[in-house]
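Below: one structure, written as structure tokens.
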Amino acid sequence: MALKIAFVSRYPPVHCGVGEYTRMLASGLRTVLPSASIRVYSTGEAGWERYYDDSLGVEVVPSYMRRDTSYEGLVRNLEDDGGADVVHLQHEYGIYGDGPRIVEALLEIYKRGLASAVVATFHTVVHKQSTASGERLETQRRASRLHAIITHSILMEFELQAQGVDPSVIVKIPHGTLVNPYLGYPRHRLAEKLGVEVEDSELLLVTPGFLRPDKGLDVLASAAALVSDGKLRIVVAGEPMGVAPEEIPSMGGRIKVIEKYLSTDEILMLAAMSDAIVLPYKDRPGKYSVSGVLHLSMGSLKPVLGTRVPRLVELYEYSPMLTVPPRSPELLARRMEWLSSNYELAASASAQLYSYAAATQWPMVASQHIALYRGVIEGKPPAYYNYWR
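Under full-length UniProt numbering, the letters of the sequence shown match residues 1 to 389, in that order.
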């Protein structure tokens, strides 16, 4: 029989990194297991009518509001649909709130026999000494009653262990990577599609993704002002989120800012037309996560400059030469100038990162998820397998 997978997650057209993640995971699952039945029980932010992602054969069932106080609609809709083999929550505190209500809903789903297993991917893990509410820490502890907790980095895994979460239910499966389909396209064609003016002679760096306070745009602006190379150009593109447009740091003449939501395709086009990607993040204390933009960047097989923060731990692990401490515009400026003068060396220094990108392509990551689903459905502890080799 076909494996019935029910995701609990935001989903496009809602503008959300977790929603894009779920869609790419669904695409990978469809590639390696075409017979799978995939439904997504989403928020009602795009309306309350069921709709289909026809290209992936995914049915989307709006069932609750963002940060809802009750998930009865989720349980009811899942029951109406005949349940699922596995219910997989894509958890983010900004979507499901601080408290454990969504975790309790999954446990209720299992108790009612509506799923053979319930698992959750925690896209953010809160540090036990953070200033975050105790509710978030309680949510992480309660999640240990699920059949499996998936994390994307060893930092997240060990933080959960330090909080007393049973290590046998924690599984590290990396964020997936999409190899950029626009590689090899002429720069001028991609620039026209994006409405960006850029010369072929310029060394183009791009910073894509939501424009948030923790993206380090102020650091980037300060660093760019210190760079003497006149051929260096930077494009910052994304939708302002959690910051008013007037709060975005003033950028100099060498930086162009595009304030609009970028689809995954547009981010890929932007990365493909670039010479390198720069991610000057300054993570908020007390939170561990992994950058989806980093994985889109890795799949473009271009050098990635970034900061040594938890969200970019994979960059620091696989391409340390191209990282600098956070909040260090002088060091970032020096690294950008070094890149301009030593581009081939920078590309060589990224070889391990490119290999990691190839190893974490979405079909491979999806295969690890399928192995996990089948294992927990059969009652085997998640740690029984080494899902990520």
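Glycine included, each C-beta is placed from N, C-alpha and C at the ideal position.
The continuous beta strand (DSSP E) containing Ser-37 extends over residues 37-43. Under the three-state reduction of DSSP output, Lys-4 falls in the strand class. Between the alpha carbons of Val-236 and Ile-258 lies a gap of roughly 6 Å. Per DSSP, reduced to three states, the secondary structure at Arg-187 is helical.
Distances from the alpha-carbon of Gly-73 to those of Val-206, Lys-282 and Tyr-64 put Tyr-64 closest. The stretch 119-128 and the stretch 52-66 do not touch, with fewer than three beta-carbon pairs separated by less than 8 Å. Shortest Cα-Cα distance from Gly-242 to any of Val-206, Ala-347 and Pro-213 involves Pro-213. Per DSSP, the continuous alpha helix (DSSP H) segment holding Tyr-93 begins and ends at 93-96. In this structure, the straight-line span from the alpha carbon of Arg-39 to that of Leu-279 is close to 34 Å. Annotated as proximal: Gly-238 and Thr-207, with beta-carbon spacing under 9 Å. Glu-59 carries a strand assignment under DSSP once its states are collapsed to helix, strand and coil.
Rounded to whole angstroms, the separation of the alpha carbons of Ala-36 and Leu-155 is 32 Å. Here DSSP, grouped into helix, strand and coil, assigns Gln-90 to strand. Here DSSP, grouped into helix, strand and coil, assigns Asp-85 to strand. In the structure shown, Tyr-52 falls within a strand segment according to DSSP collapsed to helix, strand and coil. With a cutoff of 9 Å on beta-carbon distance, Thr-31 and Phe-7 are scored as not near each other.
Taking all protein chains shown into account, Met-336 has 16 or more neighbouring C-beta atoms within 10 Å of its C-beta and is therefore buried.
Annotation: the continuous beta strand (DSSP E) that includes Gly-238 extends over 232-238.
By the Cβ criterion, the stretch 290-308 is not in contact with the stretch 133-144, since fewer than three pairs of Cβ atoms, one from each stretch, lie closer than 8 Å. A residue is called buried once 16 or more other Cβ atoms fall within 10 Å of its Cβ, and Trp-362 is buried on that count. DSSP, reduced to helix, strand and coil, places Lys-172 within a strand of the structure shown. By the CB criterion at 9 Å, His-88 and His-369 fall inside the cutoff. Distance from the CA of Asn-77 to the CA of Leu-3, rounded to the nearest whole angstrom, comes to 18 Å. Within a 10 Å sphere around the beta-carbon of Ser-42 sit 16 or more other beta-carbons, which makes this residue buried. Contact between Val-165 and Ser-144 holds, since their C-beta atoms are separated by about 4 Å, short of 8 Å. A residue is called buried when at least 16 other Cβ atoms come within 10 angstroms of its Cβ; Ser-133 does not meet this threshold and is exposed. Ranked by how close their Cα comes to the Cα of Leu-178, the residues Ala-366, Ala-357 and Val-376 have Ala-357 in first place.
For Gln-161, same chain residues with a beta-carbon under 8 Å away, outside a window of 5 residues either side, are Pro-167 and Ile-170 in chain order. Every alpha helix (DSSP H) stretch that sits fully inside the stretch 136-163 and reaches 4 residues is listed by chain position as 154-162.
Taken through DSSP and simplified to helix, strand or coil, Thr-69 comes out as coil.
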